[in-house]
Amino acid sequence: MSDPLKILELITQRQSDRKYSDREIEKEKLDRIIEAGRMAPSACNAQPWKFIVVTEPDLIKKVAEASSAKLLGMNSFVGQAPVILVVIREQPNFSSKIGGTIRKKDYSLIDIGIASENICLQAEAEGIGSCMIGWFDERKLQKILDIPIRKRVELIITLGYSLSEQREKRRKPFNETVSFNRY
Ligand SMILES: Cc1cc2nc3c(=O)[nH]c(=O)nc-3n(C[C@H](O)[C@H](O)[C@H](O)COP(=O)(O)O)c2cc1C
């Protein structure tokens, strides 16, 4: 049984790190980080994901270019990361798809969010910084990484030893986001 205070501490400590050193991530740590994604729950256990682990410097550079916008100052840090995980949405299984159609929900997007947070939390536990990134040129990424055009790239996650300061969490007040028994 894990210490509940430690889990909350880990969750609170995880932050979007946007500055990395060039230190490599050890293979065993990276393996556990990926495993945390693979072990995530998903609707009907569909596991509608594929994680592309990008480690080649040339590809990192190209992925960084596809996810930054110089004019907006967006995501200019991506190229510093020694590893980038690219999260592809795969077809969910039949049950998840039927359930989602009946209930008018796309469970696979929810599943991908959960897997991605698992990845970031395991990274935090390994002493490695991360940042989920949703702003990128999807078509460019598909070309760079040979991703079939019909597959959606939902998120990329940068991983690396962080050089960012630990920040105070900025969250909406408890009463604005939580209620008991009624809306
Ligand atoms: C779906 C998603 C997309 C995001 N996209 C970006 C992004 O493109 N660039 C970026 O710098 N941060 C991105 N973030 C990070 C958020 O800005 C960050 O999680 C939020 O401000 C809360 O800060 P914290 O992660 O440090 O607690 C994204 C986060 C999520 C969950």
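One gets our numbering by counting positions in the sequence shown from 1 and adding 17 to each. All C-beta atoms in this analysis are idealised placements derived from N, C-alpha and C, irrespective of residue type, glycine included.
- In the three-state reduction of the DSSP assignment, residue 172 falls in the strand class, which pools E and B.
- Looking at the DSSP output, residue 71 sits in a beta bridge with 101.
- Pairwise C-beta distances place the stretch 125-139 in contact with the stretch 169-187, as three or more of them are shorter than 8 Å.
- A check of alpha carbon separations from residue 92 across 166, 63, 186 and 80 identifies 80 as the nearest.
- For residue 92, the distance from the CB to the nearest heavy atom of ligand 1 is below 8 Å.
- Residue 146: not part of any alpha helix (DSSP H); member of the beta strand (DSSP E) spanning 146-150, first to last residue.
- DSSP lists 179 as the bridge partner or partners of residue 37.
- Assigned with DSSP and collapsed to three states, residue 86 falls in strand.
- Relative to ligand 1, the beta carbon of residue 136 is positioned no closer than 8 Å to any heavy atom.
- The Cβ atoms of residue 51 and residue 88 lie no closer than 9 Å to each other.
- Annotated three-state conformation of residue 120 is helix, per DSSP.
- Between the alpha carbons of residue 107 and residue 189 lies a distance of about 33 Å.
- For residue 191, the enclosing alpha helix (DSSP H) starts and ends at 191-194.
- By the neighbour-count criterion, in which a residue is buried when 16 or more other Cβ atoms sit within 10 angstroms of its Cβ, residue 25 is exposed.
- Beta-bridge annotation (DSSP): residue 106 is paired with 66 and 169.
- Around residue 154, the same chain offers 83 as residues with beta carbons nearer than 6 Å, after the five sequence neighbours per side are excluded.
- Membership of residue 96 in any alpha helix (DSSP H) is not indicated, and neither H nor E is assigned to it by DSSP.
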